[in-house]
Every structure is written in C-alpha cells, then in structure tokens.
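So the structure is just underneath, and the comments pick up after that.
Residue numbers (the numbering used here): 15 to 167.
This is the structure:
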C-alpha cells in the first residue's frame, strides 16, 4: 500500500483527524493507488505528524466547480478556496476516511534526526522503513531506542 506524508495547515490537519473534514483540496496531486495511508503533518505552529487518514479516492473536478461539489466536506470558505485555485483548471480532491489521531505526535525534530524525513511543501512518498519508524515514534518509542534500532538495521 502506498504511504504519503501530507503537509497541511493546522486547522485543516485537526479537522481531518477529527473526521469533520473528509476531503482535502490540492492544486495538483499525482495518481495514487487507493486505498493509501496518509500521514498528516501539521505545519507551524504544530510542526508534527499528528496521525493518519486513509485516502479513499481522488476526484479531479474543474476548479470552478469545487465549491459547489465539496463545500460541506472541505471546511474552507469560498473566497480563500477561489484564491487558492486561481489559475488552475482542474483541482485534486482527496477523499479521506478512517482518521486516527495519535496520542503522541511525532515532532519535526524527531522526523529529521531519527527518521530522516523532511516535511514537504505539499506531499512526499514514505517508504516502508520510515513508515515503521513513524509508527514506533507515535507509540512512544524514545529517540534513544529508535537510534539503537536504526543503527542495527
């Protein structure tokens, strides 16, 4: 299964993980086999991976029709949406489900030092080894233990 680290503004990250936002709008997004796991990275001020959501599918509507089709799922006001999608013909709507908020977020410092992941502007793929390290960190494995595990492997 494909795994993706997705950078999201904090208000949207929290809404995705609360299950109140069930679609994420992107100007561009590649074709990804679904279902896929999305690791939700909340940007400043959180600067941490907060949990996961499942990518159920990707719709590609005309940018001009996004508000009419998805306004109840995207949790963004019309004007900021239109500004975001300005000069875009087709948008990517990531339909998501099954949010899991981690009890222990994985902070940026740990992402960089122990997992070797740099948060993307938009998204990046996550290989299986880094995915396992992310899950270990979310379950409370300390950076000392993590360093020992990565030194062995």
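Where is the CB? At the ideal position from N, CA and C, for every residue including glycine.
Remember, predicted model here, so these are calculated numbers, not experimental data.
Item	Value
Please determine, among 66, 33, 32 and 30, the residue with the shortest C-alpha to C-alpha distance to residue 145.	66
Name the DSSP bridge partner or partners of residue 20?	54 and 137
Where does the unbroken beta strand (DSSP E) through residue 73 begin, and where does it stop?	62-73
Can you list, in chain order, the residues of its chain whose CB lies under 7 Å from that of residue 135, leaving out five sequence neighbours each side?	21
So residue 106 and residue 42 are in contact, right, with Cβ under 8 Å, and what is the actual spacing, rounded?	6 Å
Excluding sequence positions up to five away, which residues of its chain have a Cβ less than 6 Å from the Cβ of residue 154?	118
What is the C-beta distance between residue 152 and residue 87, in whole angstroms, given that I count them as a contact (C-beta under 8 Å)?	No, residue 152 and residue 87 are not in contact; Cβ-Cβ is about 26 Å, not under 8 Å.
When we look at the beta-carbon of residue 143 and count the other beta-carbons within 10 Å, is it buried (16 or more) or exposed?	exposed
Under a Cβ-count criterion, where at least 16 other Cβ atoms within 10 Å of its own Cβ denotes burial, should residue 97 be classed as buried or exposed?	exposed
Return the chain-ordered list of same chain residues with a C-beta closer than 6 Å to the C-beta of residue 138, the five sequence neighbours on each side being excluded.	19
Just to confirm the assignment, what range does the alpha helix (DSSP H) spanning residue 80 have?	80-88
As a quick exercise: from 72, 70, 16 and 53, pick the residue whose alpha carbon is nearest that of residue 63.	53
Compare the Cα-Cα distances from residue 68 to each of 15, 120, 44 and 112 and report the closest residue.	112
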